[in-house]
Amino acid sequence: MVTLPPLPYAYDALEPHITKQTLEFHHDKHHNAYVDKVNGLIKDTEFENGDLVNIIKKADGGIFNNGAQVWNHTFYFEQFSGNPQLAPAGKLADAINKAFGSIDSFKEKFANAAATQFGSGWAWLVIDEEGNLGIAQSSNAGNPIREGHKPILTCDVWEHAYYLDVQNKRPAYVENFWKVLDWKVIEERF
Ligand code: MN
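For the sequence shown, my numbering begins at -19 and goes up steadily by one.
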């Protein structure tokens, strides 16, 4: 059984960057629908216990798509705050500087990955098998755990994540994304 975690902040906490209306639809309708669908699909299968990481690693078709989308959305919503730490510090800042040259250079490359992901999907900051940081893109419900990488940050670039707020302007959404991203959460994941 998979459950829908509540948003860890008020629906209007991220305004004006991500609006209450977007969060109501994104969490209560989209995220909730993935939970309902995966629960219907895993009944009487090997995935019935609702272990989402196991589903991401091993499932295919609708169970993978809906299960991965539940995990991806929970991971996405948990990284925001109305009072965010606006830049990485400590060991994570050192690792980003080493991998990408500077924090600004990382943000530019990540924003480019988010903007150029064709169609629906996600942009990720991951730790690879060798322990190095890297940027990844995935289509639809894709998740880097499937390739053995550990995600520590993600940006949902499905249109439902931003269309109510900025319509077709995905780069404007990514600009707003940085203003509510709480780097304290990313440091803890790292
Ligand atoms: Mn979404």
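The beta carbon of each residue, even a glycine, is placed where N, CA and C say it ideally should be.
With DSSP as the reference, label residue i as helix, strand or coil.
i: THR134; result: strand
i: GLY111; result: coil
i: SER85; result: helix
i: GLY62; result: coil
i: LEU144; result: helix
i: GLN97; result: coil
i: LEU72; result: helix
i: GLU127; result: helix
i: ALA91; result: helix
i: GLY42; result: helix
i: PHE151; result: According to the sequence shown, residue 151 is Pro rather than Phe. PRO151 falls in the helix class under three-state DSSP.
i: VAL(-18); result: coil
i: HIS(-3); result: coil
i: TYR14; result: helix
Check this for me: beta carbons of residue i and residue j, under 8 Å apart or not?
i: ALA95; j: PRO151; result: yes
i: VAL160; j: LEU32; result: no
i: ALA103; j: VAL137; result: yes
i: ASN15; j: THR(-17); result: Looking at the sequence itself, residue 15 is Val, so the reference to Asn does not match. Yes. Within cutoff.
i: TYR142; j: GLY62; result: no
i: ALA121; j: GLN49; result: yes
i: ILE36; j: ILE166; result: no
i: MET(-19); j: GLY47; result: no
i: LEU133; j: THR2; result: no
Would you list the residues sitting across from residue i in a DSSP beta bridge?
i: ALA48; result: For ALA48, which the question treats as bridged, DSSP gives no partner whatsoever.
i: TRP104; result: ALA116, THR134
i: LEU161; result: PHE60
Notebook entry, point to check: Taking any heavy atom of the ligand MN as the mark, which residues have a C-beta closer than 6 Å to it, listed down the chain?
Noted result: HIS6, HIS10, HIS53, ASP136, TRP138, HIS140, ALA141
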